[in-house]
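Taken in order, the sequence shown gives residues 218 to 606; the numbers are from this note's numbering.
Before any comments, here is the structure.
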Amino acid sequence: CMSIYSRYGVKRVVNAAFHLTRLGGSTLSPKVQAAMEEANKSYVNMWDLIEKGSAHIAKKINAPAAWITSGAFNALVLAAAACMVGKDTEAMRKLPHTEGMKNEFLIQRNARLLVYDRSMEVAGGKFVFVGDERWGCTHEQLEAAITDKTAGIHYAYPAQGNDTICPLEKVLEIGKRHGVPVIVDGAGMTYPKDVQSKFMEMGCDLVAVGGKYVGGPNSTGYIYGRKDLIEAIALHSFIGAEAGPDEKPGLYRSLGRGYKLDRQEIIGLLVAFDEWMEIDHDKTRFQPAWEKVKYIEKGIKGLPGLKNTRIEYFPKAGKGTAYHTIGLRVILDDLSVSETNALLKQMREGDPEVWVRNWGSSNDFIINAINLQPGDEKIIVERFKELFG
218 CMSIYSRYGV KRVVNAAFHL TRLGGSTLSP KVQAAMEEAN KSYVNMWDLI
268 EKGSAHIAKK INAPAAWITS GAFNALVLAA AACMVGKDTE AMRKLPHTEG
318 MKNEFLIQRN ARLLVYDRSM EVAGGKFVFV GDERWGCTHE QLEAAITDKT
368 AGIHYAYPAQ GNDTICPLEK VLEIGKRHGV PVIVDGAGMT YPKDVQSKFM
418 EMGCDLVAVG GKYVGGPNST GYIYGRKDLI EAIALHSFIG AEAGPDEKPG
468 LYRSLGRGYK LDRQEIIGLL VAFDEWMEID HDKTRFQPAW EKVKYIEKGI
518 KGLPGLKNTR IEYFPKAGKG TAYHTIGLRV ILDDLSVSET NALLKQMREG
568 DPEVWVRNWG SSNDFIINAI NLQPGDEKII VERFKELFG
């Protein structure tokens, strides 16, 4: 069927990959879409909206404070700025030029999210890499790296559980001992629903979240944690630069000015957040996704081109979720990595395009059903039949 995208010569994508920014991030619920439409009908004091909306989020997750941002990357940019110069308006105007300032952020060398930790440098932060790429980082090495130039410690939460890195619990102990804030990139850490409250119980200073991971618009996010740092983040944000709490445009000439949000997006995030915290995820999200997984499994097993292929549930238990993923892991034992990549390219060349989860460095991929729309599972089976039938 024709879609709004086809009007402009763009193909629709069947998203069997992930909440990828490059694919649009998230699917807005009818309730979120209706709220955004309603928000569009009226103007609003944006500082007031963000301040009160952020306080609403903070209360729900038992955080001292929060601030709505244009994505998790922006949240980390603002966090770095706040840790370096706080509310100092003169220093704020100098960013990202940080010569002579406390501007260093410690990061474990083997616990990096290369695309995202760039955010700290955008604000003018300088990374100090600790440990070894292969052998990891110990808490002794991390603590020894702290100097009077250290503005913060960056921690990419997806690395947690890697035996070669210093775990978050130890990092927080070190940070507290030296009065150095720990900034956690917890962009996707929104399920189980109490995980954000647990970060606060652990003593995290700041945690950044992507709005798409609570069903909000792809362009939104928020950061929560220490009240003094959140207050500084607010001044560094786009609305702080625009007016701030003092209604003095230009007083806070911050680098956050370019990270603008619409009122419709903010309302969309808030309604999505409430929905995320209230719904029964197993009934509303997981069970429908597993039904699609079973349909796909039945449709592709036994295809001639998949004889030497292992197909298993992901997660293996065949229930629940693993970091916003519910699906099938397909291991193509007869294919090399380059042959697998070529095959996945073929899957994307149809109309609609079919995208699955693959990192480009292995001969397996995951068909993730969490974002599939009704009927997408049938398209996936048909595409497999075209390629492997």
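Backbone N, C-alpha and C fix where the C-beta goes; we use that ideal spot for every residue, glycine too.
Do you know offhand how far LYS248's Cα is from GLN481's?
For this step, residue 248 is matched to residue 31 along the sequence shown. For this step, residue 481 is matched to residue 264 along the sequence shown. Computed Cα separation, rounded: 13 Å.
For a quick check, are the C-beta atoms of VAL399 and ILE440 less than 8 Å apart?
Position 182 of the sequence shown, counted from the first residue, corresponds to residue 399. Position 223 of the sequence shown, counted from the first residue, corresponds to residue 440. Against a cut-off of 8 Å, the Cβ pair of ILE440 and VAL399 comes out as no contact.
Less than 8 Å between the beta carbons of GLY544 and ILE583, yes or no?
Reading the sequence shown from its first residue, position 327 is the one you call residue 544. Reading the sequence shown from its first residue, position 366 is the one you call residue 583. In contact: GLY544 and ILE583 (Cβ atoms closer than 8 Å).
For THR306, which residues in the same chain have their Cβ closer than 7 Å to its Cβ, ignoring the five residues on either side in sequence?
In the sequence shown, the residue the question calls residue 306 occupies position 89. Take THR306, set aside five residues on each side of it, and the residues of its chain with a beta-carbon closer than 7 Å to its own are LEU468 and TYR469, in chain order.
What are the uninterrupted segments assigned as beta strand (DSSP E) that are 3 or more residues long and contained completely in the stretch 327-370, given in chain order?
343-347
Mind checking ARG600: buried by the 16 CB within 10 Å criterion, or exposed?
Here residue 600 is taken as the residue at index 383 of the sequence shown, counted from 1. So ARG600 ends up on the buried side.
Among all the DSSP beta bridges, which residues are the ones paired with ASN585?
Residue mapping note: residue 585 aligns to position 368 of the sequence shown, counting from 1. In DSSP, ASN585 forms a bridge with GLY544.
Helix, strand or coil: how does DSSP classify GLN413 here?
The count along the sequence shown starts at 1 and reaches residue 413 at position 196. Helix, per DSSP.
Just the C-alpha distance for LEU520 and LEU552, rounded to the nearest angstrom, thanks.
Walking along the sequence shown from the start, residue 520 turns up at place 303. Walking along the sequence shown from the start, residue 552 turns up at place 335. The straight-line gap from Cα to Cα measures roughly 16 Å.
Rounded to whole angstroms, what is the Cα-Cα separation between ASN580 and ASP550?
For the purposes of this step, residue 580 is taken as the residue at position 363 of the sequence shown. For the purposes of this step, residue 550 is taken as the residue at position 333 of the sequence shown. A direct Cα-to-Cα measurement between ASN580 and ASP550 gives close to 7 Å.
From which residue to which residue does the alpha helix (DSSP H) around ASP402 run?
Taking the sequence shown and counting its residues from 1, one reaches residue 402 at position 185. That residue, ASP402, is in no alpha helix (DSSP H); its beta strand (DSSP E) goes 399-402.
Among ALA328, LEU389 and GLY438, which has the Cα closest to the Cα of THR286?
Working through the sequence shown from its first residue, we reach residue 286 at position 69. Here the closest residue by C-alpha is GLY438.
Name the residue from ILE587, PRO532, LYS415 and HIS498 whose alpha carbon lies nearest to the alpha carbon of PHE235.
Stepping through the sequence shown from its first residue, residue 235 is reached at position 18. Comparing Cα positions, the closest option is ILE587.
For ILE456, is the classification buried or exposed, using 16 other Cβ atoms within 10 angstroms of its Cβ as the cut-off for buried?
Counted from its first residue, the sequence shown places residue 456 at position 239. Counting Cβ neighbours within 10 Å, ILE456 comes out buried, since at least 16 surround it.
Less than 8 Å between the beta carbons of ALA298 and SER471, yes or no?
For the purposes of this step, residue 298 is identified with residue 81 of the sequence shown, where counting begins at 1. For the purposes of this step, residue 471 is identified with residue 254 of the sequence shown, where counting begins at 1. Closer than 8 Å, so yes.
In its own chain, which residues sit with a C-beta less than 8 Å from the C-beta of VAL388, not counting the 5 before and 5 after it?
Here residue 388 refers to the residue found at position 171 of the sequence shown. Hits under 8 Å: HIS356, LEU359, ILE370, TYR372 and VAL399.
Using the Cα positions of TRP572 and ALA362, report the straight-line distance between them to the nearest angstrom.
For the purposes of this step, residue 572 is taken as the residue at position 355 of the sequence shown. For the purposes of this step, residue 362 is taken as the residue at position 145 of the sequence shown. Looking at the two C-alpha atoms, the distance is approximately 42 Å.
Measuring alpha carbon to alpha carbon, tell me which residue in ILE484, SER454 and PHE490 is nearest GLY473.
The residue labelled residue 473 in the question sits at position 256 within the sequence shown. The shortest C-alpha separation from GLY473 is found at SER454.
Quick one: grab the DSSP three-state call for GLY392.
Taking the first residue of the sequence shown as 1, we reach residue 392 at position 175. Assigned with DSSP and collapsed to three states, GLY392 falls in helix.
How would you call ILE517, buried or exposed, if buried means at least 16 neighbouring beta carbons within 10 angstroms?
Sequence index remark: in the sequence shown, residue 517 carries index 300 (1-based). Looking at its Cβ environment, which holds 16 or more other Cβ atoms inside 10 Å, ILE517 is buried.
Answer yes or no: do GLY353 and ILE324 have a C-beta to C-beta separation smaller than 8 Å?
Taking the first residue of the sequence shown as 1, we reach residue 353 at position 136. Taking the first residue of the sequence shown as 1, we reach residue 324 at position 107. Going by C-beta atoms, GLY353 is not nearer than 8 Å to ILE324.
Looking at ALA252 and VAL488, is the spacing between their C-beta atoms short of 8 Å?
Position 271 of the sequence shown, counting from 1, holds the residue named residue 488. Position 35 of the sequence shown, counting from 1, holds the residue named residue 252. Against a cut-off of 8 Å, the Cβ pair of ALA252 and VAL488 comes out as a contact.
Taking the beta carbon of SER261 as the centre, do at least 16 other beta carbons fall within 10 Å, making it buried, or is it exposed?
Position 44 of the sequence shown, counted from the start, is the residue given in the question as residue 261. With the sequence shown as reference, residue 261 is identified as Val, and Ser is not the correct amino acid for it. Exposed, because fewer than 16 other Cβ atoms sit within 10 Å of the Cβ of VAL261.
What does the alpha-carbon distance come out to for the pair VAL424 and MET309?
As a working mapping, residue 424 is identified with position 207 in the sequence shown. As a working mapping, residue 309 is identified with position 92 in the sequence shown. In this structure, the CA atom of VAL424 is about 22 Å from the CA atom of MET309.
With DSSP as the reference, label LEU323 as helix, strand or coil.
Indexing the sequence shown from 1 puts residue 323 at position 106. Residue state, collapsed to three classes: strand.
State the start and end residues of the unbroken alpha helix (DSSP H) segment that holds PHE601.
Mapped onto the sequence shown, residue 601 falls at position 384. Residues 593-605.
Compare the beta carbon distance of LYS294 and VAL231 with 8 Å and say whether it is the shorter of the two.
Locating residue 294 in the sequence shown gives position 77, where the first residue counts as 1. Locating residue 231 in the sequence shown gives position 14, where the first residue counts as 1. For the sequence presented, residue 294 should be read as Val rather than Lys. The answer is no: Cβ separation not under 8 Å.
In the DSSP assignment, the alpha helix (DSSP H) including ALA296 goes from what residue to what residue?
Position 79 of the sequence shown holds residue 296. It spans 289-302 - the alpha helix (DSSP H) in which ALA296 sits, taken as one unbroken run.
Just to check my reading of the structure: VAL554 and SER578 have Cβ atoms closer than 8 Å, yes? What is that Cβ distance to the nearest angstrom?
Residue numbering aside, residue 554 sits at position 337 when the sequence shown is read from its first letter. Residue numbering aside, residue 578 sits at position 361 when the sequence shown is read from its first letter. That pair is a contact at about 6 Å.
Please find out if some non-hydrogen atom of the ligand NAP comes closer than 7 Å to the beta-carbon of ARG351.
The model depicted lacks the ligand NAP and carries no ligand whatsoever.
Output the boundary residues of the beta strand (DSSP E) element that contains GLY438.
Counting from one through the sequence shown, the residue named residue 438 turns up at place 221. Under the DSSP assignment, GLY438 falls in the beta strand (DSSP E) whose first and last residues are 438-442.
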